[in-house]
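If you want our numbering, it's the position in the sequence shown, counting the first as 1, plus 10. Glycine included, C-beta positions come from ideal geometry on N, C-alpha and C. If you're wondering where the values come from, they're calculated on a predicted model, not measured in any experiment. For reference, the structure is listed below as structure tokens.
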Amino acid sequence: MFGADFVEDKVIQFENFVEGLMYSVDYDAPYFYSALLFIIFNPLFWNIVARLEYHTHFLTKIAGSPKRGCYFLAATIFSLGIARDLTFEKALRHQEVSPLLDTPKITNIGYAFLIVGQILVISSMYQLGITGTYLGDYFGILMNDRVTAFPFNVSNNPMYQGSTFSFIGTSLIAGKPAGLILAFFVHAMYYMALKFEEPFTAEIYAKRDEEKKSKKQ
């Protein structure tokens with residue numbers, strides 16, 4: 011259907027498009043690396059702290075109960091997230107607008123990403139609550155059943171995917187390729203975080219189920 015020349019032409023167009031976007035990125039601009047640092051640090055932080063809590067219960071001991079310990083970690087993670095988002099916005103302010111992204115069509119696509127992203131994040135938090143959202147299972151605060159209602163019927167990890175969509179949307183609305191690079195790192199860090207979180211969470215619930223079976227016997 012499509013000849014080799016057509017495919018080659020499209021590949022060249024795409025390469026030129028990407029090169030044009032990269033040309034607009036100022037890696038030495040203020041806050042770019044600060045935003046990147048927050049993006050990398052935050053998932054590492056909450057995974058390390060949550061694992062330590064699971065094995066040592068140090069936050070539970072400090073706070074006096076698992077629930078208060080989880081709330082303390084939730085407040086910390088939320089604050090780090092706010093700091094990351096503010097730094098990201100500051101980083102975008104010091105970046106150039108790319109003519110390739112400065113179009114009504116791209117702006118509308120950006121708003122679509124942002125709206126969908128926020129819906130996924132907010133509805134996920136509503137379904138899980140504070141302890142479900144902020145690693146309550148590492149504190150021994152487990153949910154009775156797996157949540158299957160929206161947004162979990164359309165996404166396995168709506169919080170992470172919604173956050174990534176929001177970064178992409180904000181970048182497209184601003185018309186700044188630097189934001190897309192940072193959004194890529196957001197996606198990459200969440201992807202790596204899930205490689206640790208999902209198996210460990212499954213192990214926690216499997217252990218809970220085994221203990222329930224043992225008690226019945």
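Per-residue burial, residue i [other beta carbons within 10 Å of its own, 16 or more giving buried]
i: G79; result: buried
i: P53; result: buried
i: Y200; result: buried
i: P209; result: exposed
Distance between beta carbons of residue j and residue i, contact taken as under 8 Å
i: S176; j: G127; result: 4 Å
i: I49; j: R94; result: 6 Å
i: F98; j: L182; result: At roughly 14 Å, the Cβ-Cβ gap does not stay under 8 Å, so F98 and L182 are not in contact.
i: Y144; j: L83; result: 6 Å
i: F194; j: L46; result: Going by Cβ atoms, the distance from F194 to L46 rounds to 11 Å, so no, they are not a contact pair.
Three-way DSSP call (helix, strand, coil) for residue i in this model
i: K71; result: helix
i: I49; result: helix
i: V59; result: helix
i: T158; result: coil
i: D147; result: helix
i: P109; result: coil
Residue interval of the alpha helix (DSSP H) (run including residue i)
i: M135; result: 114-143
i: G79; result: 76-103
i: L182; result: 168-184
Residue i versus the options, residue with shortest Cα-Cα distance
i: E106; options: Y201, T211, F42; result: F42
i: E63; options: I151, E29, P109, I140; result: I151
i: K71; options: F149, S89, S165, S108; result: F149
i: P114; options: A184, L138, S34, T174; result: A184
i: V131; options: P109, V157, Y170; result: Y170
i: N163; options: I178, S173, Q137, K186; result: Q137
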